[in-house]
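By the working numbering, the letter at position 88 of the sequence shown is numbered 1409, and the numbering carries on one by one without gaps. For every residue, glycine included, the Cβ atom is placed at its ideal position computed from N, Cα and C. All figures in this text were calculated on a predicted structure; none of them were measured in a lab. Reading through the structure tokens given below for one structure.
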Amino acid sequence: AIGVSIICFLFTLVFRNYMLFKLIQPQLLLTVLIGCMLLGISCLLLLGENTPIRCGVLPFAFNLGYTLTIVPLGLKAIRVYYLFIFNPLQKTKNVSMRRFFESTFIFLAIDVIILVSTIYSTDMSPVTKMTEKTVNGAFATVQYCTHEKNKNLLNAEIAYKVVIMFVTCVYS
């Protein structure tokens, strides 16, 4: 996924001045591709031992990547909806870059606030070791990332992502 995103990113940079790419706005497409790269990186962070750095970066890479992937699509869908409903004869069909960057920054800031307030409200250490009973009845020491057991983080992020997806789907 990361490789395909990088190839598409480079392809978009090379052909950004062609009419088709101008219509889909390369800035929005590049933002979606950066989000896809972050999602791919978060998948790679799931591999291997849970270290404090890995556990600290993982929720940010996944959630910010998801937001960067969905928000540009939602902004474009809202722009198209308003054009067809309120002003179908308007010449400019693109999302203004100022509005795009402001909106994306606001969504990312909300995401960071949710992450920081829920992750660090319970425990400051990113890794937790627990002794648990396994399926076969033996006890084993398991090392978790703290955010994996954080129900507040899970509920807040799911609610936030559902709202983003709902708004995007309604306007699409």
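Within the same chain, show all residues whose beta-carbon is closer than 7 Å to that of residue i, passing over the 5 residues directly before and after it, in chain order.
{"i": "T1439", "result": "N1471, N1473, L1474 and A1477"}
{"i": "L1359", "result": "A1382, L1385, G1386 and L1389"}
{"i": "L1429", "result": "L1385 and T1388"}
Quick check on DSSP: helix, strand or coil for residue i?
{"i": "E1469", "result": "helix"}
{"i": "E1453", "result": "strand"}
{"i": "A1477", "result": "helix"}
{"i": "A1398", "result": "helix"}
{"i": "R1375", "result": "helix"}
{"i": "A1382", "result": "helix"}
{"i": "Y1339", "result": "coil"}
{"i": "Q1346", "result": "coil"}
{"i": "L1494", "result": "Not covered by the structure: residue 1494. The range shown for the chain is 1322 to 1493."}
On the criterion of 16 or more Cβ atoms from any shown chain inside 10 Å, does residue i qualify as buried, or is it exposed?
{"i": "A1382", "result": "buried"}
{"i": "G1458", "result": "exposed"}
{"i": "L1385", "result": "buried"}
{"i": "G1395", "result": "buried"}
{"i": "P1373", "result": "exposed"}
{"i": "A1325", "result": "Going by the sequence as given, residue 1325 is Val instead of Ala. When all chains shown are included, V1325 counts as exposed."}
{"i": "V1353", "result": "buried"}
{"i": "G1356", "result": "buried"}
{"i": "T1425", "result": "buried"}
{"i": "N1408", "result": "exposed"}
{"i": "L1436", "result": "buried"}
{"i": "Q1411", "result": "exposed"}
Report the partner residues of residue i according to the DSSP bridge assignment.
{"i": "V1448", "result": "C1466"}
{"i": "F1460", "result": "K1454"}
Which residues in the same chain have their Cβ closer than 6 Å to the Cβ of residue i, if we skip the five residues on either side of it in sequence?
{"i": "K1482", "result": "none"}
{"i": "K1454", "result": "F1460"}
{"i": "Y1492", "result": "A1398, I1399 and Y1402"}
{"i": "T1452", "result": "F1460 and T1462"}
{"i": "F1342", "result": "F1336"}
{"i": "I1323", "result": "M1358 and G1361"}
For residue i, which residues in the same chain have their Cβ closer than 8 Å to its Cβ, ignoring the five residues on either side in sequence?
{"i": "L1351", "result": "F1330, T1333 and L1334"}
{"i": "L1379", "result": "S1363, L1366, L1367, C1466 and H1468"}
{"i": "M1486", "result": "I1391"}
Confirm the yes/no value for this check: CB of residue i, any heavy atom of the ligand NAP, distance under 8 Å.
{"i": "L1354", "result": "The model depicted lacks the ligand NAP and carries no ligand whatsoever."}
Open item on the list: Just to confirm the assignment: which complete alpha helix (DSSP H) runs, minimum length 4, are found wholly within the region 1407-1442?
Closed with: 1418-1440
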